[in-house]
Structure formats: structure tokens, C-alpha cells
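Engineer: Could you have a look at this structure, given as C-alpha cells, before my questions?
Chains as they are written, first to last, in my numbering: chain P, 1 to 149; chain U, 1001 to 1578.
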């Protein structure tokens, strides 16, 4: 299907845009999925010293936005790789262990689902159950904004 | 056609005949039940019935009188306007034909069961059951080509699984559908009863809770209860996955991993080895997938198990004489043979994962210390997982992996003469070798490189000492083809750096699109033939091949139902004669 001019303009704007439009101004420490954990073993995971030191500080991290529960939402899951195969996955409990949950500063249409994005916000560590969805997370970026990577 | 209760009442009021919506009875019609094995009898009525208006008879005798046990009569099951009759944990001791009739007023249902004996008594001391998950004929053929070689049409060697005296074709459909999954197909092997997709060790009734369905006894429970045998469950999948879970579980839902860990603990197989550690860790531990604070690693250790998480620790436990070992070697599935050999997959995080053949030897060493005997199940699970992800080289490497493990068991069986060894798949995939791909041919698309018939010259895979080709990156390689697939980009080349991921989640939740990472020059975008909610290939209903050796193997010939495998194993062990 040929792409319309309107679609091309929107796509161009999207690649430049930051969501939500009010972005965090503070300089953020760059995190990568590879350095989140000091150890990742059969008996559990341990946060890296870098992550522990950045608790409650501004960070940025790039990853893939997993398709959200709702098209317009104030949170999404960020994964190291695009959501991979799970032929008989029956529940959301089958997420990879090293996910980052992103809570946006305000709800916005999550138009870049499936794409690589860079998230900026405040790093939050610890076990948390989302009151709306019941989703359990250990690591979050709060008050976040994102842009296409 | 189901009628609402109010419609039935109004029809009765008008004096019209109500079509008898029949009561449903579990076990199902034509069930074959081992004499003395435990099962739950359940009758589901389509409407609310009065307890005293109900007559349930086994060969004409009231079921409670015939079977014993405590009757549970539920007026309204799970709040529905429908009654249920339950007799749990009953056994039928005498072999023969049985008719279970359930009457309520005019409506009547009947099922027939065969209860079988094991008249010859114990002819095998031990059983080793190998499951090549998803292993179809094409994987066997390709494994033989890659690991043994072929010249002028004749193979230069046989697979260990080929060279076994008895062979049969086994049909795998479940009670509910043409195509099965690994759960109900494994359940057929471990319980002798057919059930539905996703179910393990239970019939699929209308009960709302996954844990509340009518149960059947597993072979692990039977051999421990009746003969005091040791049991081993060894796999390279998450230990909670359907095939290993089938050895111990009773649940309508294979995905309930946390329940399955508890079931492993209830049955306590002596050797438990696989991946899937997060479901053993208490919720408070970072990386846990449990919703409670139970620490199953500590629980098993307090029952005398040696806990190991690397191949080195496993060897040490074995050399130390451990007879009970819990081995968890990965947070997910254990890496397959290709990724372990070429250091891909998660080998960076888990550098010392075990090999299935070595695990088979260690399991046999530990289990054979029980002079009453043992039942060991060994699974090469990723033959199936890599078939789902359309990664044939990895699927075939894990077929060779299985074959190396089979050789260990055959050697043991030949030496001792008392061990029945069975090699079988749980179901098949839509796979076939249609020729060769040759990169030296002109053209930029896979079809221009495909050689068929007389042009499909023998490729030259060079196997190492364990039968694995030193490289799969050949100019001429097998055209191992998949027949069920989502949208994906295909270039005919092996995925050297990591498992193929043909499809990725689309922007609409629940749909999948071609994974653009692979849509490189030389590839073609293939439109999937599966529904858009499929992210990988699917199983097929084709029959599987079973081969066997040792005492009792002569029972396997011709075409068999998959439930017969349970019958043959329990017959070889003489399990009804206690």
C-alpha cells in the first residue's frame, strides 16, 4: 500500500518527537541492559553497583517497547530485545527477567510499540505491584519520557 | 445443542419430550485403565438433579459400593445450575470390561472401559523413556545425514535410535482435537489416559479451577507407591515445561509453573534436572517468578537432595555418590547442542551447562543404586522449540544430542539385560527435506538456489567426534523445509549467531509480523500460512516413530495409540501384580 504524504509527514515528526512533549531537562546517566545486573544466575539476580548508585537519579536507557495493554497508556515494558518467541506463553508472567517498566509523566498514545526507543526518567528500584494491572516489577523508570532511538 | 434450564422446565410443563442432554463421564469412553491404578470418577449432569434421583452403576452395581471411596455430590458446581458426582482416588483391581452408567430420571449415559492386568509380572527391572520432543521423520533423516554421512545413497552408519529391534508408528491426537500439544501427549505416555491440549494428568472437565479436574495416576506415582522404584526426570527445557511436568503433574493448565514445582516436590523424583530456576525461588529473591515465599531449593535440600547448578557441580555430586539430585542449570531452557558447541545463546551467562548424554549416564548411575529398579525419562526438548522457530540446524543438532544420550542407555541395557529402552516423539512438526540449497548458483533469491531431484547432490557436513558438523555454513546444504509458518523473511542460510526468531510482536497486541532483522538482501518475505496470532510454526498430527529394545520391547509393533506406550511400560514392570 503506498504511503500517503500525510503519513510520511507524521512519520518524520515522530522520529524527532519526544513523548510526552514535556521532557526531563536534567542530565541523565546512560544505562544499558547489559550492565543492570552484577550477577544473573540460577539462584537469582543482583543489581549492579552502578544501578544501586543511580537509585532515584535521572537515567536514560534504550530498548524495545513491548506492545502495550492499551493504545494510550502511562506505562509500558522496555525489553533488551524485541519480544521473542514463546509458542505456548499463556500469561504475562513469561516476560524475560531483565525488563524495565517505564511510567510516563503523563499518558500518551504509544505509537512506537515494537520499535527501539530511548527512555529518560528517574530510576526506581524495588518490588512494586502496579495498582491497575497487577503487573509486578523490580526496576522502573518513573516520570519518564521517550523518543524513537 | 444445549438447552437452558428454563426452556427445559417449560418443555416439561407442556408435556413435550426433553432431548436428553447426556451426562458427561470421566474417564472417557474406551479408556484403558491399569488394574489397581488410582483415578477420579466424575459425572457431570447438564442440569441440577436431586441426589436421590441419580443412579451411577459400574457393571450394574452402585458405584460407591463397587469402588468404595467417599461420594462428593455437588448440587451446583462452581455456582452453575448443574450438579456433579465425584468419587476420588478409586481403583478397579480386577481386569476386564466395565460399563459405567449414569442415570438421572430419563436421561442416561454410558461409557465402557477396559481394565488391563499385567499377567506376566515383572519382565523389566528398569525403564528408560526418551522423548524427542517434536521429532519427526525429517529430523531423524537429517540427523543421520549430518552425523553419520551418506555416500552413493547409502548411509555410513546408523543412529543409535535406528539400531533397535522393535519399531512402531504411534498416533498422537488428544481427546479434544486433531493436533496435540506436548502436555496431553506426554500425559498419554505417563498415565495411559487421553486428555485435552494443555492438560497434564487430569481429564478436562468443566471445573473452573485448574487444580480441580478428575485425576489419573502418573507412572512416577505408581512405581513409587507400588514397587518402591526410583524415578528420574531429565530434560534440557525448563523443568516445569510440559514433558517433564507430565511425569508428576495433575493440572488443566501446563503454564501453571509454580503449581508444577510443588507437584515435583509432592512426588519427589530422585533425579530432577533441567532449567527454569525462577519458579523455585521465593518471591523476595530478585529474579523469582513465585508469588509465595516458598524456597523449593531449600525444601528439596532438606529432603536430602544435592542441589547443583553447573555441570561441574553435577559431576561432583555424582562422584560423591548422591542418589538424589536437583539440578537447575539455567533460568530458562538449557542451551541446545549447537549453542553449547559454538558458545551462543545464553552460554555467556551460563558457561557450564551439562550435556544430555552425560546427564543420562549420571542419572542411570544414581538411580540404579536402588536395587528395586527405576524409571528414567530423558527429553531432548529443543528439537521441538527450534522447529517452532524454523531453525532446522539447531533442531537437528538436538536430535543428534538425543541420539548420543540414547547410546548411553543402550549400552547400559545391553550390559545388564534388564532395562527396557524406548525412544519416541510426543508429536510431529510439518517438516521435510526437499533437496539442497547451493550458494554457487546464480540468482539472489532462495528459490533460485534450490536444487531438487538429480540436482540435490549429497552435502558434505563434516561431523566431529560427537556427530555434530564442525560447521553448518556450507555452500551446499540440506533444504530442510517447514510447512507451517508465520510471516517471516527467509534466505535459506543457517542462523549462525543465534536462534532464528521468524516473527516479532506486531503493533496490534496479539498479532505477529515478519521480524525485519532478517529481511536482508537475498531474503524473501514469506506470507505466513498460519493465523496472524501465530508467532512460530505449529505441530502436526502425523504419526511418530517409536523404537525400542530390551525386555518388553516386543510389545511395540504396527500402529499404536500413544496411550499404549503407558500400557506397555506398566506391563513390562508388572505393575498390576502387587
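Positions of the beta carbon are idealized from the N, C-alpha and C atoms, including for glycine.
Have a look at the DSSP bridge pairing and note the partners of residue 1561 of chain U.
Structural biologist: Looking at the DSSP assignment, residue 1561 of chain U forms a beta bridge with U:1171.
Engineer: Please classify residue 1222 of chain U as buried or exposed, where buried requires at least 16 other C-beta atoms within 10 Å of its C-beta.
Structural biologist: Result: buried.
Engineer: Check the Cβ of residue 40 of chain P against every Cβ in chain U and list those closer than 8 Å, keeping chain order.
Structural biologist: Within chain U, the residues near residue 40 of chain P are 1287, 1331 and 1349.
Engineer: Please state whether the Cβ-Cβ distance between residue 149 of chain P and residue 115 of chain P is less than 9 Å.
Structural biologist: The answer is yes: Cβ separation under 9 Å.
Engineer: Establish whether the CB of residue 1236 of chain U and some CB of chain P are separated by less than 9 Å.
Structural biologist: So no, residue 1236 of chain U is outside the interface.
Engineer: Going by DSSP, what residue range makes up the alpha helix (DSSP H) through residue 1358 of chain U?
Structural biologist: Run containing residue 1358 of chain U: 1356-1367, per the alpha helix (DSSP H) assignment.
Engineer: Any contact of the region 1509-1526 of chain U with the region 1543-1561 of chain U, i.e. 3+ C-beta pairs under 8 Å?
Structural biologist: Contact fails: fewer than three Cβ-Cβ distances are below 8 Å.
Engineer: Answer with yes or no whether the minimum CB distance from residue 66 of chain P to chain U is below 9 Å.
Structural biologist: Interface residue, yes.
Engineer: Would you decide whether residue 1070 of chain U is buried or exposed? Buried here means 16 or more other CB atoms lie within 10 Å of its CB.
Structural biologist: Exposed.
Engineer: For residue 1396 of chain U, report the span of its alpha helix (DSSP H) as first-last.
Structural biologist: 1392-1416 is the span of the alpha helix (DSSP H), which, as asked, contains residue 1396 of chain U.
Engineer: Please state whether DSSP places residue 29 of chain P in a helix, a strand or coil.
Structural biologist: Looking at residue 29 of chain P - three-state DSSP - the assignment turns out to be strand.
Engineer: Could you give the uninterrupted runs of the beta strand (DSSP E) lying entirely in the region 1012-1073 of chain U, keeping only those of 3 residues or more?
Structural biologist: DSSP runs (the beta strand (DSSP E)) wholly in the region 1012-1073 of chain U: 1024-1026, 1031-1034, 1039-1044 and 1054-1058.
Engineer: Is the Cβ of residue 109 of chain P closer than 9 Å to any Cβ of chain U?
Structural biologist: No, residue 109 of chain P lies away from the interface with chain U (no Cβ there is under 9 Å from its Cβ).
Engineer: Which same chain residues, not among the five before or five after residue 1559 of chain U, have their C-beta less than 8 Å away from its C-beta?
Structural biologist: If we look at residue 1559 of chain U and ignore the five residues flanking it on each side, its Cβ neighbours are 1168, 1169, 1170, 1171 and 1543.
Engineer: According to the neighbour-count rule (16 or more other Cβ atoms, all chains shown, within 10 Å of its Cβ), is residue 1156 of chain U buried or exposed?
Structural biologist: With fewer than 16 Cβ atoms within 10 Å of its Cβ, residue 1156 of chain U is classed as exposed.
Engineer: Report the option in U:1192, U:1218, U:1572 and U:1260 whose CA atom is closest to the CA atom of residue 1420 of chain U.
Structural biologist: The option with the nearest alpha carbon to residue 1420 of chain U is U:1572.
Engineer: Closer than 9 Å, CB to CB, is residue 90 of chain P near chain U or not?
Structural biologist: Its pLDDT being 40, under 50, residue 90 of chain P is placed unreliably by the model, and nothing is read from it.
Engineer: Going along the chain, which residues of its own chain have a beta-carbon closer than 8 Å to the beta-carbon of residue 1630 of chain U, five neighbours each way excluded?
Structural biologist: What is shown of chain U runs 1001 to 1578, which leaves residue 1630 of chain U out entirely.
Engineer: Where residue 1051 of chain U and residue 1077 of chain U are concerned, what is the direct C-alpha to C-alpha distance, given to the nearest angstrom?
Structural biologist: Residue 1051 of chain U and residue 1077 of chain U: Cα-Cα distance of roughly 13 Å.
Engineer: Would you list, in chain order, the members of the region 1298-1329 of chain U that have their beta-carbon closer than 8 Å to a beta-carbon of chain P?
Structural biologist: The residues in question are 1309, 1328 and 1329.
Engineer: Would you list the residues sitting across from residue 37 of chain P in a DSSP beta bridge?
Structural biologist: Partner(s): P:47.
Engineer: List the residues of chain P that residue 1277 of chain U touches, going by C-beta distances under 9 Å, in chain order.
Structural biologist: Under the 9 Å cutoff, chain P gives 41, 42, 43 and 44.
Engineer: Is there a Cβ from chain U that is less than 9 Å from the Cβ of residue 183 of chain P?
Structural biologist: Residue 183 of chain P is absent from the structure shown; chain P starts at 1 and stops at 149.
Engineer: If we ignore side chains and look at the alpha-carbon of each, how far apart do residue 1041 of chain U and residue 1024 of chain U end up?
Structural biologist: Residue 1041 of chain U and residue 1024 of chain U: Cα-Cα distance of roughly 11 Å.
Engineer: Using C-beta distances below 8 Å, list every residue in its chain close to residue 1391 of chain U, excluding the 5 sequence neighbours before and after it, in chain order.
Structural biologist: 1495, 1499 and 1500.
Engineer: What distance in whole Å lies between the Cβ atoms of residue 1477 of chain U and residue 1436 of chain U, which are believed to be in contact at a cut-off of 8 Å?
Structural biologist: Right, their Cβ atoms sit about 7 Å apart.
Engineer: Hey, residue 1193 of chain U and residue 1039 of chain U: beta-carbon distance below 9 Å or not?
Structural biologist: Yes, these two residues count as a Cβ contact at 9 Å.
Engineer: Below 7 Å on C-beta distance, what does residue 1067 of chain U contact in chain P?
Structural biologist: Those within 7 Å of residue 1067 of chain U in chain P number zero; the least Cβ separation is about 35 Å.
Engineer: Could you tell me the alpha carbon to alpha carbon distance between residue 1260 of chain U and residue 1447 of chain U, rounded to whole angstroms?
Structural biologist: Rounded to the nearest angstrom, the two C-alpha atoms are 46 Å apart.
Engineer: Mapping the DSSP letters down to three states, classify residue 1215 of chain U as helix, strand or coil.
Structural biologist: If DSSP states are grouped into helix, strand and coil, residue 1215 of chain U belongs with the strands.
Engineer: State yes or no: is the C-beta of residue 1351 of chain U nearer than 8 Å to some heavy atom of the ligand MG?
Structural biologist: Questions concerning the ligand MG fall outside what the structure shown contains, since it holds no ligand whatsoever.
Engineer: Ends of the beta strand (DSSP E) at residue 1482 of chain U?
Structural biologist: Element bounds for residue 1482 of chain U: 1476-1482.
Engineer: Can you tell me where the alpha helix (DSSP H) holding residue 1319 of chain U begins and where it ends?
Structural biologist: From DSSP, the alpha helix (DSSP H) with residue 1319 of chain U extends over 1311-1319.
Engineer: Have a look at U:1319, U:1300 and U:1219 and flag the residue whose alpha-carbon is nearest the alpha-carbon of residue 1377 of chain U.
Structural biologist: The residue with the shortest Cα to Cα distance from residue 1377 of chain U is U:1219.
Engineer: With distances taken between CB atoms, is the gap from residue 99 of chain P to residue 77 of chain P smaller than 9 Å?
Structural biologist: In this structure, residue 77 of chain P lies closer than 9 Å to residue 99 of chain P by Cβ.
Engineer: Run down chain P in chain order and give the residues with a C-beta less than 8 Å from the C-beta of residue 1281 of chain U.
Structural biologist: Within chain P, the residues near residue 1281 of chain U are 43 and 44.
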